[in-house]
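Okay, structure first, notes after.
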Amino acid sequence: MLSGIVALWTLGIGYVVLTRMSLGASEVVLFVVAALVGPVVAWLAHRWQRRRHDRLAAWAGLNGWEYARSDGELERIQTGVPFSSGDSHAAIEVMRRDWQGRPAVSFTYRWVTGAGKNRSTSYAHVVALRLPAYLPRLEVTAEGVGARLAKLAGGKDLQLELEAFNREYRVVASDVRTAHAVLHPRLLERLLRPDALGRPWRIEGTWLVTWDDGRTDVDRVAAGLMLLNAVADAVPRHVWQDHGHDPAGTLGAPRTP
Numbered sequence: 001m002l003s004g005i006v007a008l009w010t011l012g013i014g015y016v017v018l019t020r021m022s023l024g025a026s027e028v029v030l031f032v033v034a035a036l037v038g039p040v041v042a043w044l045a046h047r048w049q050r051r052r053h054d055r056l057a058a059w060a061g062l063n064g065w066e067y068a069r070s071d072g073e074l075e076r077i078q079t080g081v082p083f084s085s086g087d088s089h090a091a092i093e094v095m096r097r098d099w100q101g102r103p104a105v106s107f108t109y110r111w112v113t114g115a116g117k118n119r120s121t122s123y124a125h126v127v128a129l130r131l132p133a134y135l136p137r138l139e140v141t142a143e144g145v146g147a148r149l150a151k152l153a154g155g156k157d158l159q160l161e162l163e164a165f166n167r168e169y170r171v172v173a174s175d176v177r178t179a180h181a182v183l184h185p186r187l188l189e190r191l192l193r194p195d196a197l198g199r200p201w202r203i204e205g206t207w208l209v210t211w212d213d214g215r216t217d218v219d220r221v222a223a224g225l226m227l228l229n230a231v232a233d234a235v236p237r238h239v240w241q242d243h244g245h246d247p248a249g250t251l252g253a254p255r256t257p
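Going left to right, the sequence shown walks through residues 1 to 257 as the UniProt record's numbering numbers them.
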């Protein structure tokens, strides 16, 4: 890697010397600096990411997770935020294991927005559980400025029987009947506890996910999984049965939407 960067430096300097002879000394210096800075920054970023992979892999090994640097199958597991943002999507820093009988995954989701000088890269830490059957889309996010603006613009917000929950959360569901069945009073009270309050989550297809801004934070993985597990455990048996799965047995293969 380092030898490749040195070669790039040499080519860059040679190009400047050969093509910019008519420029003044200060301008030549600027071109040389520009030729050097890009490769150096790229090398430092590569080295930093490699060391981060090593640290995460070590943590995963100590805590019963399987680690992979990336996994293309996770790039579009759902259609909502953050998976709907930007382009050049990638799922990196991937950790997998079973969590209380359910397949679990934690990863950093990366995407790019803008172009040219306005191009920027964003990250979200996603924690998810794989569900045994397809369920209708149900999204629960914190009530805030964005949610209020969305509702003013005509966005939906399902109202539940617990007013304290309605004040804290916005609920969007593709199937109101299923949403009411899942969001029963015991789960609403659970979602108002300090460890869950304001944390977004979404059921869509066979995935139940929650997410935070930024890269993977191993200190938040367990908390995210405990929240998701509480949601999955709260799904009534009849809802699973309506969608081709019986927690007490097997009704056949899961139905697709």
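Quick reminder that beta carbons are idealized off the backbone N, C-alpha and C, glycines included. Computed from a predicted model, the values in this text were never measured in an experiment.
Query: Between which two residues does the alpha helix (DSSP H) containing Asp242 stretch?; Result: Arg237 to Asp242
Query: Could you name the residues of the same chain whose beta carbon sits closer than 7 Å to that of Ala223, not counting the 5 residues immediately before and after it, in chain order?; Result: Asp195
Query: How long is the line joining the alpha carbons of Val112 and Val176, rounded to whole angstroms?; Result: 34 Å
Query: State whether the region 230-238 contacts the region 176-187, with contact taken as three or more CB pairs (one from each stretch) at a distance under 8 Å.; Result: yes
Query: What separation, rounded to the nearest whole angstrom, lies between the Cα atoms of Asp137 and Arg50?; Result: Reading the sequence as shown, one finds Arg at residue 137 and not Asp. Taking the straight line joining both Cα atoms gives about 36 Å.
Query: Going by C-alpha distance, which of Ala124, Glu143, Ala60 and Asn229 is nearest Trp99?; Result: Asn229
Query: In this structure, does DSSP put Gly205 in helix, strand or coil?; Result: strand
Query: Using only the alpha-carbon positions, how far apart do Val171 and Trp211 sit?; Result: 16 Å
Query: Three Cβ pairs or more, each shorter than 8 Å: is that satisfied between the region 59-68 and the region 93-107?; Result: yes
Query: Kindly list the residues whose CB is nearer than 7 Å to the CB of Ala164, restricted to its own chain and excluding five residues on each side of it in sequence; keep chain order.; Result: Leu192
Query: Tell me the rounded alpha-carbon separation between Asp157 and Pro103.; Result: 30 Å
Query: Can you tell me where the beta strand (DSSP E) holding Arg96 begins and where it ends?; Result: Asp87 to Trp99
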